[in-house]
Amino acid sequence: SNQLTLDLNTVNKWLLLSENNRVITNTDTEQLYPDHQDRFDVYPQVLCRE
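Per UniProt numbering, the sequence shown runs over residues 1 to 50.
Below, the structure is given as structure tokens:
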């Protein structure tokens, strides 16, 4: 199996990235990620970097 790295620039603010951006968890708390033009802002989703 392959391990994917999730893209911090696209992760929705209602998702929590952990374990070196390899695990994602849906949360009830908005995360304080820096603003980025590629960030998903409507639906809880994220892209992979590799």
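Glycine included, C-beta positions come from ideal geometry on N, C-alpha and C.
Buried/exposed call for residue i, threshold 16 Cβ in 10 Å
i	result
Thr4	What sits at residue 4 in the sequence shown is Leu, not Thr. Exposed: under 16 other Cβ atoms inside 10 Å.
Backbone secondary structure at residue i - three-state DSSP
i	result
Leu32	coil
Val23	strand
Leu8	coil
Bounding residues of the beta strand (DSSP E) (the contiguous stretch that carries residue i)
i	result
Leu16	15-18
Whole-Å CB distance - residue i paired with residue j, under 8 angstroms assumed
i	j	result
Val42	Leu15	About 13 angstroms; that fails the 8 angstroms criterion.
Asn12	Phe40	4 angstroms
Cys48	Leu17	Rounded, the Cβ-Cβ distance is 12 angstroms, inconsistent with contact.
Thr10	Asp28	Not really, about 21 angstroms apart at Cβ, beyond 8 angstroms.
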